[in-house]
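Undergrad: Position 198 (the sequence shown) corresponds to 1462 in my numbering; numbering is contiguous.
Let me begin by handing over the structure; questions about it come next.
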Amino acid sequence: LAAAIEQYSTHPIAQSIVAHYKGENEYFVENLKNIPGMGIYAEIDRNPVLVGNEKLMRKYGVTHKQCSKSGTIVHIALDGKYLGHLVISDGLKESGKQAIKELKDAKIEPIMLTGDNGETAGEIAEAVGIENFEHSLLPEQKVEKIEALSAQNKKTAFVGDGINDAPALAASNVGIAMGGLGSDAAIETADIVIMDDDVSKIPLLIRIAKKARLIAKQNIVFSIAVKVGVLLLSTFGAPHIMWFAAFADAGVLLLAVLNAMRTMKISGGKNA
């Protein structure tokens, strides 16, 4: 039943449920509504079906059972009656912990904003080394947290993959979508898309951005300095001024392009 509903969602959790179910879909789903930060409402044979978190159950007045297991809890209800829940847990990749460490080394504070419950969020935050985290957040609450940081004149970059993350991606200074499992809404809203969902590339793209900015400044200063120098030479009547002018134009352009190509040599190493 859950797989029949979740097949119409691009959320990573929905995709994992569909992938785990090996049977055939025997249900005709209609009137499907994706409720941001909660789950999905749909109808099967005109009976309402709910698949989502406990906020969704409370919204529709369904009494649900608490689950003590660690992971993302997906509750299921049919026609107002609670059927049960699924527990979804994914092992943390070592690259995630390493990425957080590199961000901290770069004087960047990682903050986790998640819709997961407090226990799950706390375990993940501890495992990857994040001290500051907020849990059980709706999409609009994530936006409020980002806007609060922006009000303190802090620059923010938000990393997300689901449709629930699209508002936060738009609200941050830089939105980064994980493209492999990301929803279309998240990918279209983001400024940057990491296509293979490798979080270790987040510190790398920051290094690339810093290097590119440095090179851009170098090119601007070099171009201005050469042109000012040629202008001074022409003012004092230096010989062969046309050759200097040609260098100030085509030569500087060529050197600037060659200098910019240095960004292509930045690798994933810490010292890149």
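For every residue, glycine included, the Cβ atom is placed at its ideal position computed from N, Cα and C.
Being a predicted model, the structure only gives us computed values, none of them experimental.
Which one of Gly1426, Arg1471, Ile1352 and Ile1472 has the shortest CA to CA distance from Ala1450?
TA: Checking every option, the nearest Cα to that of Ala1450 belongs to Gly1426.
Undergrad: Rounded to the nearest angstrom, what separates Asn1381 and Glu1318 at their Cα positions?
TA: Using only the alpha carbons, I get a separation of about 9 Å.
Undergrad: In terms of residue numbering, what span does the beta strand (DSSP E) encompassing Phe1292 cover?
TA: No beta strand (DSSP E) holds Phe1292; DSSP gives it neither H nor E.
Undergrad: As an exercise, report each continuous beta strand (DSSP E) stretch of at least 3 residues that is fully enclosed by the segment 1303-1356, in chain order.
TA: Counting whole runs of 3 or more residues, the segment 1303-1356 contains the beta strand (DSSP E) stretches 1303-1308, 1311-1316, 1336-1342 and 1345-1352.
Undergrad: Would Leu1469 pass as a contact of Ile1479 if the rule is Cβ separation under 8 Å?
TA: No, the Cβ-Cβ distance between Leu1469 and Ile1479 is not below 8 Å.
Undergrad: Pro1374: which of Thr1420, Lys1406 and Lys1345 sits nearest, CA to CA?
TA: Nearest C-alpha to Pro1374: Thr1420.
Undergrad: Rounded C-beta distance between Gly1379 and Leu1401? I'm assuming under 8 Å.
TA: The pair is a contact, with the Cβ atoms about 6 Å apart (cut-off 8 Å).
Undergrad: What are the start and end residues of each continuous beta strand (DSSP E) run of 3 or more residues lying completely inside the segment 1414-1439, in chain order?
TA: Listed in chain order, they are 1421-1424.
Undergrad: Using the Cα positions of Lys1534 and Glu1395, report the straight-line distance between them to the nearest angstrom.
TA: Unreliable positioning characterises Lys1534 in this predicted model, as indicated by a pLDDT of 44, which lies under 50. A coordinate reading is not provided.
Undergrad: State the beta-bridge partners of Glu1398 as determined by DSSP.
TA: Answer by DSSP bridge pairing, in chain order: Leu1377.
Undergrad: Kindly indicate the opening and closing residues of the beta strand (DSSP E) around Ile1472.
TA: From DSSP, Ile1472 is part of no beta strand (DSSP E) but of the alpha helix (DSSP H) over Lys1465 to Thr1499.
Undergrad: Where does Ala1389 sit, in a helix, a strand or coil, going by DSSP?
TA: Three-state DSSP puts Ala1389 in a helix.
Undergrad: Count the other CB atoms, across all protein chains shown, that sit within 10 Å of the CB of Pro1276; report buried if there are 16 or more and exposed otherwise.
TA: With 16 or more other Cβ atoms within 10 Å, it is buried.
Undergrad: How many angstroms separate the CA atom of Ala1536 from the CA atom of His1399?
TA: Bear in mind that the predicted position of Ala1536 carries a pLDDT of just 39, short of 50, making it unreliable; the figure below should be weighed with that in mind. Straight-line Cα distance between these residues: approximately 34 Å.
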